[in-house]
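A.B. asks: Heads up: the sequence shown at position 352 corresponds to 334 in our numbering, and the numbers run straight through without jumps.
The structure is given below, and queries will be raised subsequently.
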Amino acid sequence: MGELARQTHFRGYYFLNADIINLASSATGDFAFSAESGTVWMYESSWYDSGQLVPDQVTPASDSTPLVDGTASAGISTSYSRGDHIHPQQLTYYGNVTATKFIKTGGTANEILLADGSTKKSSLAGKSFTVIDPEQYVKLCMIIAVNSNTDNSIKFEVSTRTGFGQIQFNQHWTNGQGASEYQYLFIPTLASGIRSAWILYFNDGVDRYSELWCKIDYYSYNTFIYATEVSAFQGNITNILTSDGQTGLPEDYNVIQQLFPNSFNTTVQINPIINGTFNESIRISRNPTNLWSNIQFGSDPNSSTGYIDNQWLIGSIGNTAVNSVGFIIVKAGQEGSSSGLQINQYGNVLNFYGKVNSSNIQINPTATGYDDGLRISRVDPTGTGNSSIQLGCSRTSTTGAIDGQWTIFTPPSSSTNNPQSFVIAVSSQAGDNTRGLQISADGNTLTFNGRVL
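The structure is reproduced here in structure tokens:
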């Protein structure tokens, strides 16, 4: 009796057989001992006296053998056998999980089983491209027309032989206007792969829809693109990675905007909204090799290089041009000349189109009629004291002399002949000599070509 009492499924000890037979169910055990018959009774579908049957003719409910190839049926027992079968249970674990594998019925290889029992896709869509020659243009998705105040975003991750990349795009719609502002994050792959992306808009107003495109470079070989995230209102973004690579971009768009890398070690370009009145860009760029560094006002929003009509720039034009490493404000395309407002690299010379200089002041006429300039110059007063007025000088240069030019000047203190005197002479003859009309430094002697008058 003591041994039976220790059995998990022992129901208890009873005086009469009828007491056991009248038990309602075996929910608390399927073995019982009867003092009347002196035998153990067992429950399968009803109670049986073990003394009246061959033992293997009755299988207690707790000893039901689970099926090997299907869902087990362990009767009313709450204890399950371990072995080669499928457990008929939904498990909830608190603490460490010791099971070797969890499988969700109907799940796919693209889903991650979360702790609360739900699943999340590791990627919404994916596609591989093998690109050698030519390059391929890929439509990543389509963003439909929406006439309400809302936003929708999508994220693509790129894997190539030269590293990784990412394109994240968010579209904002305005009620009564349709697609309006957008924002994006573009991290291109390192050497080859995906380094160019565009958003193409079709139609106008509330009917405007768009397509997000990228280009896979030559010899990128195997490139994998995955759509990993889409924000709420997923129906606004469709056709995700459903198209094969193309040889070029579509040409029937209304507006195209190129997406440039959001990286500050290269050109930074700020593009306006697509349908605003101010529809050109500001570009900030620097070349560490030739020290070219400037801000360009009015840039092509579809390109990060070159210039367009009426574009201006502020900055330095590098160490290989006129006014090397100086500061300029000039119309784009004229930065390699003396055009515009320029300050030299030392910050002590100001020049406007070759006409104004902080040490030489030059006045140039219009291009017709009197077309030679007037130059007034003086060296540092703490130096030799040389200064001059040059009548008739080149309008394209602030130094040198031209034919027929006259000079009114004061020779430097280092001159041998009449230092710091007053001289009027032909520019080609002006110098440390006796040529021209000269007044001595004390104002008492007047000479002409060396002859005292």
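Even for Gly, the Cβ is constructed at its ideal location relative to N, Cα and C.
For Asp199, which three-state DSSP category applies?
C.D. replies: Residue 199 sits at position 217 when you count from the first residue of the sequence shown. Note: Asp199 maps to coil in three-state DSSP.
A.B. asks: Which residues in the same chain have their Cβ closer than 8 Å to the Cβ of Gly145, if we skip the five residues on either side of it in sequence?
C.D. replies: The residue given as residue 145 occupies position 163 in the sequence shown. Once the five neighbours on either side are set aside, the close Cβ partners of Gly145 are Thr171, Leu172, Ala173, Gly175.
A.B. asks: Can you find at least 3 beta carbon pairs, one from the region 420 to 428 and one from the region 385 to 401, that sit closer than 8 Å?
C.D. replies: Yes: at least three Cβ pairs fall under 8 Å.
A.B. asks: Let me know if Ser130 comes out buried or exposed under the rule of 16 or more other beta-carbons within 10 Å of its beta-carbon.
C.D. replies: For the purposes of this step, residue 130 is taken as residue 148 along the sequence shown, with counting starting at 1. With fewer than 16 Cβ atoms within 10 Å of its Cβ, Ser130 is classed as exposed.
A.B. asks: Label Tyr30 either buried or exposed according to how many other C-beta atoms from any shown protein chain fall within 10 Å of its C-beta, with 16 as the threshold for buried.
C.D. replies: Residue 30 sits at position 48 when you count from the first residue of the sequence shown. Its Cβ being crowded by 16 or more others within 10 Å, Tyr30 is buried.
A.B. asks: Once you ignore the five residues that flank Ile149 on each side, which residues in its own chain have a CB closer than 6 Å to its CB?
C.D. replies: Position 167 of the sequence shown holds residue 149. Here the set comprises Phe138, Phe168, Ala179.
A.B. asks: Straight-line CA distance for Ser19 to Phe(-3)?
C.D. replies: Working through the sequence shown from its first residue, we reach residue 19 at position 37. Working through the sequence shown from its first residue, we reach residue -3 at position 15. Cα to Cα, the separation comes out at about 9 Å.
A.B. asks: Pull up the distance between the alpha-carbon of Lys313 and that of Ser369, whole angstroms please.
C.D. replies: For this step, residue 313 is matched to residue 331 along the sequence shown. For this step, residue 369 is matched to residue 387 along the sequence shown. Going by the C-alpha atoms only, they are around 33 Å apart.
A.B. asks: What first and last residue would you give for the alpha helix (DSSP H) that runs through Asp1?
C.D. replies: Taking the sequence shown and counting its residues from 1, the one referred to as residue 1 is at position 19. Residues -1 to 3.
A.B. asks: With distances taken Cα to Cα, identify the nearest neighbour of Ile181 among Thr210, Val140, Lys121, Tyr200.
C.D. replies: On the sequence shown, residue 181 is found 199 positions in, with the first residue counted as 1. Among Thr210, Val140, Lys121, Tyr200, the Cα nearest to that of Ile181 is on Lys121.
A.B. asks: Considering only DSSP beta bridges, list what Ile181 is partnered with.
C.D. replies: What you label residue 181 is simply residue 199 of the sequence shown in a count that begins at 1. For Ile181, which the question treats as bridged, DSSP gives the partners Leu194, Gln239.
A.B. asks: Secondary structure at Gly280, three-state DSSP: helix, strand or coil?
C.D. replies: In the sequence shown, counting from the first residue as 1, residue 280 sits at position 298. Three-state result, Gly280: strand.
A.B. asks: I need the DSSP call for Gly297, collapsed to helix, strand or coil.
C.D. replies: Stepping through the sequence shown from its first residue, residue 297 is reached at position 315. DSSP places Gly297 in strand when its eight states are reduced to three.
A.B. asks: Use the C-beta contact count for Ile310: other C-beta atoms within 10 angstroms, 16 or more gives buried, fewer gives exposed.
C.D. replies: The residue given as residue 310 occupies position 328 in the sequence shown. Its Cβ being crowded by 16 or more others within 10 Å, Ile310 is buried.
A.B. asks: Provide the residue span of the beta strand (DSSP E) that contains Ile125, from first to last.
C.D. replies: Taking the first residue of the sequence shown as 1, we reach residue 125 at position 143. Unbroken beta strand (DSSP E) run through Ile125: 118 to 125.
A.B. asks: Nearest-angstrom Cα distance between Gln411 and Arg417?
C.D. replies: The residue labelled residue 411 in the question sits at position 429 within the sequence shown. The residue labelled residue 417 in the question sits at position 435 within the sequence shown. Each residue's alpha carbon lies about 7 Å from the other.
A.B. asks: Consult DSSP for Val113 and reduce its assignment to one of helix, strand or coil.
C.D. replies: Walking along the sequence shown from the start, residue 113 turns up at place 131. Val113 falls in the strand class under three-state DSSP.
A.B. asks: Taking the straight line between their C-alpha atoms, what separation do you get for Asn326 and Gln316?
C.D. replies: Counted from its first residue, the sequence shown places residue 326 at position 344. Counted from its first residue, the sequence shown places residue 316 at position 334. Going from the Cα of Asn326 to the Cα of Gln316 covers about 17 Å.
A.B. asks: Which same chain residues, not among the five before or five after Gln293, have their C-beta less than 7 Å away from its C-beta?
C.D. replies: If you number the sequence shown from 1, residue 293 lands on position 311. Once the five neighbours on either side are set aside, the close Cβ partners of Gln293 are Gln278, Phe279, Gly280, Ser281, Ala314.
A.B. asks: State yes or no: is the C-beta of Val304 within less than 7 Å of the C-beta of Ser320?
C.D. replies: On the sequence shown, position 322 is the one that residue 304 refers to. On the sequence shown, position 338 is the one that residue 320 refers to. A contact, by the Cβ cut-off of 7 Å.
A.B. asks: Ends of the beta strand (DSSP E) at Val312?
C.D. replies: On the sequence shown, residue 312 is found 330 positions in, with the first residue counted as 1. It spans 309 to 313 - the beta strand (DSSP E) in which Val312 sits, taken as one unbroken run.
A.B. asks: Of the choices Tyr201, Cys196, Thr210, Asn157, whose alpha-carbon is the least far from that of Asp189?
C.D. replies: Numbered from 1 along the sequence shown, position 207 holds the residue referred to as residue 189. If we check each option's Cα against that of Asp189, Asn157 comes out closest.
A.B. asks: Determine, using beta carbons only, whether Gln153 and Tyr166 come nearer to each other than 7 Å.
C.D. replies: Counted from its first residue, the sequence shown places residue 153 at position 171. Counted from its first residue, the sequence shown places residue 166 at position 184. No, the pair does not count as a contact, with Cβ atoms beyond the cut-off.
A.B. asks: Give me the Cα-Cα distance between Ala54 and Ile126, rounded to the nearest whole angstrom.
C.D. replies: For the purposes of this step, residue 54 is identified with residue 72 of the sequence shown, where counting begins at 1. For the purposes of this step, residue 126 is identified with residue 144 of the sequence shown, where counting begins at 1. In this prediction, Ala54 scores a pLDDT of 48, lower than 50, which makes its location untrustworthy; no coordinate-derived value is stated.
A.B. asks: Note down, in chain order, each residue of its chain lying with its Cβ closer than 6 Å to the Cβ of Phe206, except the 5 sequence neighbours on either side.
C.D. replies: For the purposes of this step, residue 206 is identified with residue 224 of the sequence shown, where counting begins at 1. Result list for Phe206: Ser110, Ser141, in chain order.
A.B. asks: Taking only the alpha-carbon atoms, compute the straight-line gap between Asp133 and Asn333 and give it to the nearest angstrom.
C.D. replies: Within the sequence shown, the letter at position 151 stands for residue 133. Within the sequence shown, the letter at position 351 stands for residue 333. So the alpha carbons of these two residues sit roughly 51 Å apart.
A.B. asks: Could you say which of Pro394, Val237, Ile296, Phe151 lies nearest to Arg265 if we only look at CA atoms?
C.D. replies: Taking the sequence shown and counting its residues from 1, one reaches residue 265 at position 283. Checked all of Pro394, Val237, Ile296, Phe151; the closest Cα to Arg265 is Ile296.
A.B. asks: Could you give the distance in angstroms between the alpha-carbon of Thr429 and the alpha-carbon of Tyr289?
C.D. replies: As a position in the sequence shown, residue 429 is number 447, starting the count at 1. As a position in the sequence shown, residue 289 is number 307, starting the count at 1. Straight-line Cα distance between these residues: approximately 59 Å.
A.B. asks: Grab me the residues of Gln324's own chain with a C-beta within less than 6 Å of its C-beta, minus the 5 sequence neighbours each way, in chain order.
C.D. replies: If you number the sequence shown from 1, residue 324 lands on position 342. If we look at Gln324 and ignore the five residues flanking it on each side, its Cβ neighbours are Asn305, Gly308, Ile310, Asn333.
A.B. asks: Please determine, among Ile219, Gly187, Gly160, the residue with the shortest C-alpha to C-alpha distance to Phe151.
C.D. replies: Along the sequence shown, one-based indexing puts residue 151 at 169. Checked all of Ile219, Gly187, Gly160; the closest Cα to Phe151 is Ile219.
A.B. asks: Which same chain residues end up closer than 7 Å to Leu435 when comparing Cβ atoms and leaving out the 5 residues on each side of it in sequence?
C.D. replies: Looking up residue 435 in the sequence shown gives position 453. Cβ within range, chain order: Leu428, Thr429.
A.B. asks: State the DSSP-derived secondary structure class of Val331, mapped to helix, strand or coil.
C.D. replies: Within the sequence shown, residue 331 is the residue found at index 349, counting from 1. Coil, per DSSP.
A.B. asks: Would you tell me roughly how many angstroms separate the C-alpha atoms of Ser225 and Gly300, rounded to the nearest one?
C.D. replies: Indexing the sequence shown from 1 puts residue 225 at position 243. Indexing the sequence shown from 1 puts residue 300 at position 318. Each residue's alpha carbon lies about 45 Å from the other.
A.B. asks: Mind checking which residues open and close the beta strand (DSSP E) that includes Asp133?
C.D. replies: Mapped onto the sequence shown, residue 133 falls at position 151. Asp133 -> beta strand (DSSP E) spans 132 to 142.
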